[in-house]
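Residue numbers (the numbering used here): 751 to 1180.
Glycine is no exception: its CB is placed at the ideal position from the N, C-alpha and C atoms.
Note that this is a predicted model, so its numbers are computed, not measured.
The structure under discussion appears below in the form of structure tokens.
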Amino acid sequence: MTDGPSYGFDTLQIHAGARPDPATGARQVPIYQTTAYVFRDAEHAAALFNLQEVGYIYSRLTNPTVAALQERIATLEGGVGAVCCSSGHAAQIMALFPLMAPGRNVVASTRLYGGTVTQFSQTIKRFGWSAKFVDFDDLDALKAAIDDDTRAVFCEAIANPGGYITDLRAVADVADAAGVPLIVDNTTATPYLCRPIAHGATLVVHSTTKYLTGNGTVTGGCVVDSGTFDWSASDKFPSLSAPEPAYHGLRFHETFGPLAYTFHGIAIGLRDLGMTMNPQAAHYTLMGIETLSLRMDRHVENAVKIAKWLEADPRIDFVTYAGLESSPYFDRVKTVCPKGAGALFTFAVKGGYDACIKLVDSLEIFSHVANLGDTRSLIIHSASTTHRQLTPEQQKAAGAAPNVVRVSIGIEDADDLIADLDQALARATQ
Ligand SMILES: *Cc1c(COP(=O)(O)O)cnc(C)c1O
């Protein structure tokens, strides 16, 4: 397929990055299950290693199946390039890696996936990096938190788990004014519901484990670059703007222009950190993305029905779903994710912690798992699982208080899901 900017999302989710296989004509993207690639001759090998010619060397760096997925996700997000990784958490480290150095920090939203809070507040300290958490609805606090050592601003478009929508444009403007890139985790929205680059994001990260794959089969992640950030505008990003000692003094920005960040991610990030996606995982995710828009429409339709039913139920204290008119973020949906607020939300059960545990144990269609974005409906009691490492204050700030459960609404029959919730709530609150 030629690159037609006029193609719609439904066409691109099937065709972007995929061409009939040059060797066999295979219509579907083959799974290139190989570690290495034969060089034509010594000169070709040297050109590849010098990054003078784009090609395949070794599958820790690049692989044709993974490359097709990278191109597809980059296209759907409106970016210039993407690097796929072994998981969403790997993608987050890979996203920060070219930007950070010991002593540098990332300013992150308080409303994040629990695993990201732990990764940012604890694990990245081992690299000498740190994170400052602020409420991204308080733009003055965000501005105040950004200091001379800040190298990125990080948030989720639709924040997991609380049904919070970030005002991406406002946050991007603050990051821009400070000369640092905005990284948006778009996992729970997907590019079908939200395109952060169009709202000013520099980089987009994904856990492809979730909606992009969509069937709960493989873990994966992706970092997409908008190609719009001027890495040479200050001396803050020497890995991209100055001679990079890890690649015999190559100046990535001068050499690769808008593709500098993506090339750095492959040539240094994947080469030295090795958080590579394997071609089998890329295959499952390519298959999933082919139906992304169809699934997301159904996820959203079901989520709206179920959230409304729950909100009207006397056994429920509150529902935090931005697709409900009662949500303080309902108006933001129209600008940030006009096709819907996703299918992930929380609700509070009267009866608190114990009732939540009983509810989770009584459901039949909903599975009790630490995952989201599957075709199947999923539920988790965050306070006793994904968010149990956090303090009660952090739990509450993240929308995961003890009386709250999180659901990821699947694409089954909405009436069956409602009946299941009804019988389980009866047992939980009797
Ligand atoms: C799951 C998830 C991650 C981490 O992704 P993995 O693939 O599990 O490593 C990051 N951010 C969000 C919003 C997620 O839902």
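(request) Determine contact between the region 1075-1095 and the region 907-918, defined as no fewer than three beta-carbon pairs at a distance below 8 Å. (result) yes
(request) Rank V974, Q802 and T967 by C-alpha distance to the C-alpha of H956 and give the top, closest one. (result) V974
(request) Return helix, strand or coil for T1005, following the three-state DSSP convention. (result) helix
(request) Evaluate H1131 with the Cβ neighbour count: other Cβ atoms within 10 Å of its Cβ, from every protein chain shown; 16 or more gives buried, anything less gives exposed. (result) buried
(message) Three or more C-beta pairs under 8 Å: does that hold for the region 1101-1119 against the region 925-943?
(response) no
(message) Cutting at 6 Å between CB atoms, please list the residues of its own chain near A928, excluding the five before and the five after it.
(response) I896
(request) From the DSSP output, read off the bridge partner residues of L1094. (result) S1158
(message) Alpha carbons only, please: which of S1043, S837 and L943 is nearest the one belonging to N1121?
(response) S837
(request) For L1167, name the three-state secondary structure that DSSP assigns. (result) helix
(request) Using only the heavy atoms of ligand 1, determine whether one of them is closer than 6 Å to the beta carbon of G1038. (result) no
(request) Please name the residue, chosen from I915, L798 and Q872, that lies closest to S1077 on a Cα-to-Cα basis. (result) I915
(request) Return the Cβ separation of T1125 and G964 in integer angstroms, given the expectation that the two are a contact with Cβ distance under 8 Å. (result) 6 Å
(request) Using beta-carbon positions only, say whether P1029 and N813 come within less than 7 Å of one another. (result) yes
(request) Run through the region 814-898 for me and flag every whole alpha helix (DSSP H) of 4 or more residues, listed as ranges in chain order. (result) 814-827, 838-846, 864-871 and 889-895
(request) Using the Cα positions of Q783 and A841, report the straight-line distance between them to the nearest angstrom. (result) 22 Å
(message) As a quick exercise: from V1086, N855, L1171 and H1033, pick the residue whose alpha carbon is nearest that of A1053.
(response) L1171
(request) Take the Cβ of S1043 as the centre, count every other Cβ of all protein chains shown within 10 Å, and call the residue buried at 16 or more, exposed below. (result) buried
(request) Rank Y942, T952 and T860 by C-alpha distance to the C-alpha of R1048 and give the top, closest one. (result) Y942
(request) Would you kindly report the start and end of the unbroken alpha helix (DSSP H) that includes C1106? (result) G1102 to S1112
(request) Could you tell me if the beta carbon of H1003 falls within a distance shorter than 6 Å of some heavy atom in ligand 2? (result) In the structure on display, ligand 2 does not appear, and the ligands it does have are ligand 1.
(message) Using only CA atoms, which one of L798, V968 and Q763 lies nearest to R1045?
(response) Q763
(request) Compute the minimum distance between the beta carbon of T959 and the heavy atoms of ligand 1, and state whether it is under 6 Å. (result) yes
(message) Less than 6 Å between C-beta atoms, sequence neighbours within five positions excluded: which residues of the same chain meet that for V954?
(response) E827, V934, N936, P946 and V974
(request) Just mark K1084 as buried or exposed, buried being the case when its beta carbon has 16 or more other beta carbons within 10 Å. (result) exposed
(message) Let me check understanding here. Comparing Cα to Cα, which of D898, R901 and A951 lies closest to D917?
(response) A951
(request) Consider the C-beta atom of H1033 and the heavy atoms of ligand 1; say whether any pair is separated by less than 6 Å. (result) no
(request) Starting from L990, trace the alpha helix (DSSP H) both ways and give me its first and last residue. (result) P988 to S991
(message) Looking at the strands, I want to know which residues DSSP matches up with F799.
(response) Paired residue(s): none; F799 is not in a bridge.
(request) Have a look at A1037 and Y1071 and give me their C-alpha separation to the nearest angstrom. (result) For clarity, residue 1037 is Met in the given sequence; the question names Ala instead. Using only the alpha carbons, I get a separation of about 29 Å.
(request) Output the boundary residues of the alpha helix (DSSP H) element that contains L811. (result) First-last for L811: undefined, no H or E at that position.
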